[in-house]
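Residue numbers (my numbering), protein chains in the order written: chain A, 1 to 269; chain B, 1001 to 1269. We treat Cβ as the ideally placed atom computed from N, Cα and C, and that holds for glycine. Heads up: the structure comes next, in structure tokens.
Protein chains: 2
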Amino acid sequence: MSAPDPLKLSLNTATIREKWNLAQAIEGCARHGIRGIAPWRDQLAAMGVKEAVRAIRSNGLTVTGLCRGGFFTAQDWKDDNRRAIEEAHALGAQCLVLVVGGLLPGSKDLPASRAKVQEGIAAILPEARQAGVPLAIEPLHPMQAADRACINTLEQALDTCDALGEGIGVAVDAYHVWWDPKLAQQVARAGKERLLAYHICDWLVPTRDLLNDRGMMGDGVIDLPRLRGLMEGAGYAGFHEVEIFSKLDWWQRDPDEVLRWCKDRHLAT
Amino acid sequence: MSAPDPLKLSLNTATIREKWNLAQAIEGCARHGIRGIAPWRDQLAAMGVKEAVRAIRSNGLTVTGLCRGGFFTAQDWKDDNRRAIEEAHALGAQCLVLVVGGLLPGSKDLPASRAKVQEGIAAILPEARQAGVPLAIEPLHPMQAADRACINTLEQALDTCDALGEGIGVAVDAYHVWWDPKLAQQVARAGKERLLAYHICDWLVPTRDLLNDRGMMGDGVIDLPRLRGLMEGAGYAGFHEVEIFSKLDWWQRDPDEVLRWCKDRHLAT
């Protein structure tokens, strides 16, 4: 397997969001020669969609995903997802990442919550297709099943895709799926058409927080070269998007330093 | 579905281990009318196996499992598991619970670690069969894949059982498996013969620690009556073993109070 192409590195802005707004992140990517970016919608709203589109285009960046749609178990899911599709369209995003939402409010009924999620995706899928925005279901780690996403394995995500048809695939985040005994099988099953995004970071041992203690690539236990090999073997040729939620470490550092680490460590993934 | 039978409640001594040694736990179970107990081996060693056997028998308790064998990715796994089998035999334990171990030392190779685990179980299985001690693979939550157990789903555990033959089954711990989209399917697949133990507690939202922030039944989001229904539907008629690792809450309380809560909340699971 060849080394990763530096031109395939993308920055998910969550990685440096504590210190940089979206305009700064765009400039930072350009300055560091990072060719992809994945913004979050709150930052996009703060900057304004038009201005963000202008800055991203003028710097020649590829939008590897918009974070995020989903939360189909929340109250205002429909309008919010419609707006997300419009924004992803405006940005020319390669996909709209769906974090599907956890248990229905006040409920312990996981099967019902999962059914509601599938209904919700089905409801917005026609608009996404019309807008030319692929929807990417991101299976989240099982430790986030209750509060963030009740789709927790690639197999489950792909079963959902199978049920829904065209215009939908998966975002494979190393952090969420690395443990899965069916990882190789399900990445292969997904195939080029449905592998819409690839997110990288690392799993730290010990992990001190369920949400915000992700590691820089190479600092944890995920066999990232193996996973990239599985992705490429299945036909994926897109970006490698670094997404690090790290309250205790990386969010406290100078973003220019963080980007240098990302570029350096990416070469070994 | 009928209410749980109070006579099926078992106490995993991890629940009160900060304040009670094994002798106190045995007396406590007897005093509270709890008919099952699952001791840990360090406590067993401290009390002495003979004395523990005597106290457990004289109080008429059922040993619903011995915690634990496993850790096949560690150095001294073979001798340690042999001793565990002997102890489980001496106690008349219904099973020896296997926490299989995480990644091989210094390795990121999950498939190789999993292969090593299967080899290890295969190596000790003949002795377990001879001793009449069923081995119960406990799939652990994926968040513990790196450091505690690289068997992380019921499906994976049952695939391992299929490969190994007689004398081995699974311990279903609600905390570890509640999120699994294939839970119903795999519990049914396991069937009466391979469902060797059923552990209960609850998943708290938020969860503040990956290891030691489990909740009392009813305080979290796990649909325990549904899971009990699945277990009973598959033919399980054994004990319901409460196992709560809770540094921040239950371990700090008076164990007599904890046992009252266990009995009370068990009736609603």
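- Within the segment 15-33 of chain A, no residue has its Cβ closer than 9 Å to any Cβ of chain B.
- Of all residues in the segment 1139-1169 of chain B, the ones placed with a Cβ closer than 7 Å to any Cβ belonging to chain A are His1141, Pro1142, Met1143, Ala1145, Ala1146, Asp1147, Asn1152, Thr1153, Gln1156, in chain order.
- Any Cβ of chain B closer than 8 Å to the Cβ of Asp5 of chain A would place that residue at the interface, and such an atom is absent.
- Taking C-beta separations shorter than 7 Å and ignoring five residues to either side along the sequence, the partners of Ala1122 of chain B in its chain run Leu1164, following chain order.
- Close to Pro1255 of chain B, with beta-carbon spacing below 7 Å, lies no residue of chain A; the smallest spacing is near 28 Å.
- Asp173 of chain A is outside the set of residues whose beta carbon lies under 8 Å from a beta carbon in chain B.
- For the options A:Leu125, A:Leu259, A:Val99, A:Arg228, the alpha carbon positioned closest to that of Trp178 of chain A is the one of A:Arg228.
- For Thr1207 of chain B, the residues of chain A that pass the 8 Å Cβ criterion are Met143, Leu210, in the order they occur in the chain.
- Against chain A, the CB of Asp1219 of chain B has no partner CB under 8 Å away; the residue lies outside that interface.
- Within the same chain, Ala131, Gly132, Val133 come within 7 Å of His89 of chain A by CB-CB distance, once the 5 residues on both sides are set aside.
- Between Cys1201 of chain B and Gly1215 of chain B a beta carbon distance of about 6 Å is seen, short of the 8 Å cut, so the two are scored as contacting.
- Neighbours of Pro181 of chain A in chain B, taken as residues at a C-beta separation under 9 Å, are given in chain order as Leu1110, Pro1111, Arg1114, Cys1150, Ile1151, Asn1152, Thr1153, Glu1155, Gln1156, Asp1159.
- Take Pro1225 of chain B, set aside five residues on each side of it, and the residues of its chain with a beta-carbon closer than 7 Å to its own are Met1001, Thr1269, in chain order.
- The way I'd put it, the segment 1095-1102 of chain B does touch the segment 1069-1080 of chain B; three or more beta-carbon pairs between them come closer than 8 Å.
- Nearest to Val170 of chain A by C-alpha distance, out of A:Arg148, A:Leu195, A:Gln185, is A:Leu195.
- At a cut-off of 8 Å, the C-beta of Ile1200 of chain B has no neighbouring C-beta in chain A.
- Taking CB atoms only, Leu1103 of chain B has a neighbour in chain A less than 8 Å away.
- Each of B:Gly1191, B:Leu1044, B:His1199 was checked against the Cα of His1240 of chain B, and the nearest Cα belongs to B:His1199.
- Note on geometry: alpha-carbon atoms of Leu7 of chain A and Ile34 of chain A lie some 7 Å from one another.
- Separation of His141 of chain A and Arg1017 of chain B (C-alpha to C-alpha, rounded to the nearest whole angstrom) is 30 Å.
- Ile1034 of chain B sits in coil when the DSSP states are folded into three classes, being neither helix nor strand.
- Close to Asp1223 of chain B, with beta-carbon spacing below 8 Å, are these residues of chain A in chain order: Lys108, Asp109, Leu110.
- Listed in chain order, the alpha helix (DSSP H) elements of length 4 or more contained wholly in the segment 223-254 of chain A are 224-233.
- Rounded to whole angstroms, the separation of the alpha carbons of Arg1265 of chain B and Pro1004 of chain B is 10 Å.
- Here Glu1087 of chain B has Arg1041, Leu1044, Val1049, Leu1066 as same chain residues with Cβ atoms under 7 Å from its own Cβ, once five neighbours each way along the sequence are excluded.
- Trp40 of chain A sits in a strand when the DSSP states are folded into three classes.
- Membership of His176 of chain A in the alpha helix (DSSP H) is indicated by the continuous run 174-177.
- One thing to note: Thr1013 of chain B has its Cβ within 8 Å of the Cβ of Ile1037 of chain B.
- The C-beta separation of Ala1136 of chain B from Val1187 of chain B comes to about 14 Å, leaving the pair out of contact by the 8 Å criterion.
- The beta carbons of Thr64 of chain A and Ala197 of chain A sit closer together than 8 Å.
- Contact between the segment 1021-1030 of chain B and the segment 254-264 of chain A is absent, with fewer than three C-beta pairs closer than 8 Å.
- Annotated as distal: Ala149 of chain A and Trp1203 of chain B, with beta-carbon spacing of 8 Å or more.
- Contact note: Trp40 of chain A does not reach chain B at a C-beta cutoff of 9 Å; the least C-beta distance is about 21 Å.
- Along the length of the segment 1046-1126 of chain B, whole beta strand (DSSP E) runs at least 3 residues long occupy 1066-1070, 1096-1099, reported in chain order.
- A direct Cα-Cα distance of roughly 58 Å separates Pro1255 of chain B from His32 of chain A.
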